[in-house]
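A.B. asks: The structure that follows is given in the form of structure tokens.
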Ligand SMILES: [Zn+2]
Ligand SMILES: [Zn+2]
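In structure tokens form, the structure reads like this:
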């Protein structure tokens, strides 16, 4: 029914801090400006992932 909403969601891919869930800006900071914890990014899809993860929760790429 809300087809547009789904495609918009994919287009506006916004990364969230994996720790505090705060939205990260376009600039990929190596840490969350809110909780100051270091963040890693998936090399394949650019998804923000916490350092203790071994695979990207978004695309399954090994980190
Ligand atoms: Zn954070
Ligand atoms: Zn990924």
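In this note's numbering, the protein residues as written are 1 to 63.
Glycine residues also receive a C-beta, built at the ideal position from the N, C-alpha and C atoms.
Computed from a predicted model, the values in this text were never measured in an experiment.
#1: Thinking C-alpha only, which one of 36, 23, 34 and 28 is nearest residue 42?
#2: Measuring alpha carbon to alpha carbon, tell me which residue in 52, 56, 32 and 38 is nearest residue 46.
#3: Compute the Euclidean distance between the alpha carbons of residue 20 and residue 60, then round it to the nearest angstrom.
#4: Please report the distance separating the alpha-carbon of residue 35 from that of residue 44.
#5: Opposite residue 40 in the DSSP bridges: which residues?
C.D. replies: On the basis of the supplied data:
#1: As a first step, residue 42 must be located in the chain shown, where it is residue number 42. Residue 28 is the option with its Cα nearest to residue 42.
#2: Translated into positions along the chain shown, residue 46 becomes position 46. Measuring from the Cα of residue 46, the nearest candidate turns out to be 56.
#3: On the chain shown, residue 20 is found 20 positions in, with the first residue counted as 1. On the chain shown, residue 60 is found 60 positions in, with the first residue counted as 1. Approximately 22 Å between the Cα atoms of the pair.
#4: Numbered from 1 along the chain shown, position 35 holds the residue referred to as residue 35. Numbered from 1 along the chain shown, position 44 holds the residue referred to as residue 44. So the alpha carbons of these two residues sit roughly 25 Å apart.
#5: As a working note, residue 40 is residue 40 in the chain shown. In the DSSP output, where bridge partners are listed per residue, residue 40 has 49.
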